[in-house]
Amino acid sequence: MNSSARGRILLTWSSAAAAVFAITPGIPAVPAAGPPDFAAFGVYLSWERVGANAKVSGIDKWEDASRRLDAVEACKVNLLWVTNMSEADLPRLIDECDSRGIRLLPSMSSIEAKVDWRWADDGRYYAKRVPQVVAIANGKKALVGWVLSDEPQIKHFPRVEKLRDRFREADPTRFCTVVTMWPQTPAAARELRLPVVCVDLYPFFGPKDPNGPHTDAASRSFMRRNATAMIEAIGSRPAVGWVMGMCFSDIWGPRRYNAQGHLIGLPGSYLHWRAPTLAEMRWQVWETFRTGAKGFVCYTLAPEAPNPKTATLEPPKVAWKNVLAREATDLGPNALTNPDGSATPQLMELGRLYGRLTPHAALLRRWQRRGEPFLEVDSPGKGRVFMDPVDQALYALVLNDDLRREQNVSVRVGEGIVAVRDLLTGTVMDLEKDFAGGSSTFKVPLAAGDGTILVLERQASDRP
Numbered sequence: 120m121n122s123s124a125r126g127r128i129l130l131t132w133s134s135a136a137a138a139v140f141a142i143t144p145g146i147p148a149v150p151a152a153g154p155p156d157f158a159a160f161g162v163y164l165s166w167e168r169v170g171a172n173a174k175v176s177g178i179d180k181w182e183d184a185s186r187r188l189d190a191v192e193a194c195k196v197n198l199l200w201v202t203n204m205s206e207a208d209l210p211r212l213i214d215e216c217d218s219r220g221i222r223l224l225p226s227m228s229s230i231e232a233k234v235d236w237r238w239a240d241d242g243r244y245y246a247k248r249v250p251q252v253v254a255i256a257n258g259k260k261a262l263v264g265w266v267l268s269d270e271p272q273i274k275h276f277p278r279v280e281k282l283r284d285r286f287r288e289a290d291p292t293r294f295c296t297v298v299t300m301w302p303q304t305p306a307a308a309r310e311l312r313l314p315v316v317c318v319d320l321y322p323f324f325g326p327k328d329p330n331g332p333h334t335d336a337a338s339r340s341f342m343r344r345n346a347t348a349m350i351e352a353i354g355s356r357p358a359v360g361w362v363m364g365m366c367f368s369d370i371w372g373p374r375r376y377n378a379q380g381h382l383i384g385l386p387g388s389y390l391h392w393r394a395p396t397l398a399e400m401r402w403q404v405w406e407t408f409r410t411g412a413k414g415f416v417c418y419t420l421a422p423e424a425p426n427p428k429t430a431t432l433e434p435p436k437v438a439w440k441n442v443l444a445r446e447a448t449d450l451g452p453n454a455l456t457n458p459d460g461s462a463t464p465q466l467m468e469l470g471r472l473y474g475r476l477t478p479h480a481a482l483l484r485r486w487q488r489r490g491e492p493f494l495e496v497d498s499p500g501k502g503r504v505f506m507d508p509v510d511q512a513l514y515a516l517v518l519n520d521d522l523r524r525e526q527n528v529s530v531r532v533g534e535g536i537v538a539v540r541d542l543l544t545g546t547v548m549d550l551e552k553d554f555a556g557g558s559s560t561f562k563v564p565l566a567a568g569d570g571t572i573l574v575l576e577r578q579a580s581d582r583p
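My numbering puts the first residue of the sequence shown at 120, with every later residue one more than the last.
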């Protein structure tokens, strides 16, 4: 799969008691059969890109890694999903994450369920390798789980299950997961006994790209439908869902970086994916949690390393030549950080949102979707009601589905709701009765792609 195409995770509790666990760093408070006890505000890192960018900058790879880890720490990231991780580097990366209060979820180069030769002699390779990898993490609380495969096909699912069983035996306190592409995700949610189901959804394709959604409406629909399909496929199974969203640009053929670290498609290039705007960064996170998922992990942290040779690459041999770039086209940052390790505006915007949500992470992790009470959100808004199983308190997540403009989103609540308060700002909404004893309406001002959480206060007779 193209290095720009990735995705990851899913989770839920197997008992009511699980809902009240505190959200604290460390080994999950449940056995490996159950989902972890935190809402994920994560980023994804391809480990080989650290060394490649360090080489261009003339620094040690750990200096490059430290720059990027410092940036995500400042942006309230609580989970680092790292792929192509080497066993030699894992101990230090665990310590680097631990010192910053970041959980680590590695996809090890030596552990991949899709590799055919490793399953010879009934998987004897893994009988030896899994305990060795697990031993590296002994006593290391920052490492919270293991990634068994990156985008496995359905034909690989039996191997994923066998590998999960080996990890359950060797490491019974850490969960296992895989990341799947959207066509395989519903089957993964139903057929794999993983406590975290993760789908990678990259909804913002290049202009006029025939191979993916490239309009606001199509991009929103693509992400919404497939995130919802994951949650519905999980159903009542003890698992949770995570969405891996995007911040990258992907160009096939001639390309270069500009002084701002943006990836520029040169004439003849195929503009496959483009970096999201700041509004689209916000929208991905809010829509993820509105579907009922319990985590968002953003692909990707480190960009493709600058290479002068990419500017002279031949145009790709594709059938859709009419969409190849005719002039130099700026597709935005190639990742959440620039080649030098500094934060992009997209990472800073993600950090602002993660910072707003972090005080309410425990609530996001434990609340459950509800069909009642009545909630109606006028276009261009979207909403959903949730209930906290601990105290039966009601909440509504409301977002502005307009990716270009601020909106005063109109919300209507049913007769039993007597007061509404914005959980993030403390603002008490001014309710206007539709009629005596009837429903009420109010407005929620939201920036493009932004959202909020509303506390819905019921009249005393409706409270449990």
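The beta carbon of each residue, even a glycine, is placed where N, CA and C say it ideally should be.
Please read these numbers as outputs of a predicted model, since none were measured by experiment.
Can the beta-carbon of N203 be found closer than 8 Å to that of I221? Taking 8 Å as the Cβ cut-off, N203 and I221 do not qualify as a contacting pair.
Just grab the DSSP bridge partners of S599 for me. For the chain, the structure presents residues 120 to 583; residue 599 sits outside this window and is missing.
Taking 7 Å as the limit between beta carbons, can you name the residues of its chain near P91, skipping five residues before and five after? Because residue 91 is not part of the residues shown, which for the chain are 120 to 583, the question remains open.
Determine the contact status of L573 and D541, defining contact as a CB-CB distance below 8 Å. Annotated as proximal: L573 and D541, with beta-carbon spacing under 8 Å.
Nearest-angstrom Cα distance between T292 and S498? Roughly 45 Å between the two C-alpha positions.
Closest residue to R186 among R488, A254, A421 (Cα-Cα distance): Relative to R186, the option among R488, A254, A421 whose CA is nearest is A421.
Tell me which residue opens and which closes the beta strand (DSSP E) that T299 is part of. Run containing T299: 294 to 300, per the beta strand (DSSP E) assignment.
Between the stretch 360 to 377 and the stretch 419 to 437, can you find at least three pairs of beta-carbon atoms closer than 8 Å? Yes, the stretch 419 to 437 touches the stretch 360 to 377.
Which partner residues of V574 appear in the DSSP bridge assignment? According to DSSP, V574 bridges with Y514, R540.
Which one or two residues does DSSP pair with T456 in a beta bridge? Beta-bridge pairing links T456 to A462.
Do H275 and G325 count as a contact pair if the criterion is CB distance below 8 Å? No, the pair does not count as a contact, with Cβ atoms beyond the cut-off.
Three-pair Cβ contact test at 8 Å for the stretch 389 to 408 versus the stretch 359 to 370: The stretch 389 to 408 makes contact with the stretch 359 to 370: 3 or more CB pairs, one atom from each, lie closer than 8 Å.
Using only the alpha-carbon positions, how far apart do G161 and F554 sit? Taking the straight line from one Cα to the other gives about 45 Å.
Reference L209; option with closest CA among K174, A254, A232: Considering only alpha carbons, the answer is A254.
Work out the CA separation of F157 and A480 for me, nearest whole Å. The straight-line gap from Cα to Cα measures roughly 7 Å.
Excluding the 5 residues preceding and the 5 following T544 in the sequence, name in chain order all residues of the same chain whose CB lies nearer than 7 Å to its CB. So no residue of the chain qualifies.
Considering L199, what are the terminal residues of the beta strand (DSSP E) in which it resides? Segment 198 to 204, the beta strand (DSSP E) holding L199.
Can you tell me whether D235 is buried or exposed, with buried defined as 16 or more other CB within 10 angstroms of its CB? Its Cβ having fewer than 16 others within 10 Å, D235 is exposed.
Whether or not the stretch 163 to 175 and the stretch 431 to 446 are in contact is what I'm after, with contact meaning three or more pairs of Cβ atoms, one per stretch, closer than 8 Å; do they touch? Not touching, per the Cβ criterion.
Between the alpha carbons of A152 and P271, how many angstroms are there, rounded? If I take the Cα positions, the gap works out to 20 Å.
For P584, is the classification buried or exposed, using 16 other Cβ atoms within 10 angstroms of its Cβ as the cut-off for buried? Not covered by the structure: residue 584. The range shown for the chain is 120 to 583.
N-terminal and C-terminal residue of the beta strand (DSSP E) that S185 is part of: It is not in any beta strand (DSSP E) - S185 instead sits in the alpha helix (DSSP H) that spans 180 to 193.
What are the residues that DSSP puts in a beta bridge with V253? Paired residues: none, contrary to the question.
Reduced DSSP category for V496 - H, G, I as helix; E, B as strand; rest coil: Strand, per DSSP.
Compute the distance between the beta-carbons of L494 and L483, then report whether it is under 8 Å. Taking C-beta atoms as the reference points, L494 and L483 fail to come closer than 8 Å.
Looking at the strands, I want to know which residues DSSP matches up with D369. The partner list for D369 (beta bridge, DSSP) reads W392.
Spatially closest choice to G411 from V437, E468, W486, by CA coordinates: Distance from the Cα of G411 is smallest, within the candidate group V437, E468, W486, for W486.
Which residue comes first and which comes last in the beta strand (DSSP E) that contains P508? It is not in any beta strand (DSSP E) - P508 carries neither H nor E in the DSSP assignment.
Can you check which of these residues, I273, V437, L397, is closest to E525 by C-alpha distance? For E525, the nearest C-alpha among the options comes from L397.
If you follow the alpha helix (DSSP H) that F408 is in, where does it begin and where does it stop? Boundaries of the alpha helix (DSSP H) harbouring F408: 397 to 409, taken from the DSSP string.
If you draw a straight line from the alpha carbon of D214 to that of E468, how long is it in whole angstroms? Each residue's Cα considered, the two are about 27 Å apart.
Relative to the alpha-carbon of P564, which residue among D520, C194, M342 has its alpha-carbon at the smallest distance? Per the Cα distances, D520.
C-alpha gap between E551 and W181, whole angstroms: Approximately 57 Å between the Cα atoms of the pair.
Between P322 and the rest of its own chain, which residues show a CB-CB distance below 6 Å, the 5 nearest in sequence each way excluded? P332, S338, F341, M342, listed in sequence order.
Determine the extent of the beta strand (DSSP E) in which V84 is found, giving its start and end residues. Outside the modelled stretch of the chain, which goes from 120 to 583, sits residue 84, for which no answer is possible.
Is R285 buried or exposed, if buried means 16 or more other CB atoms sit within 10 Å of its CB? Buried, since its Cβ has 16 or more Cβ neighbours within 10 Å.
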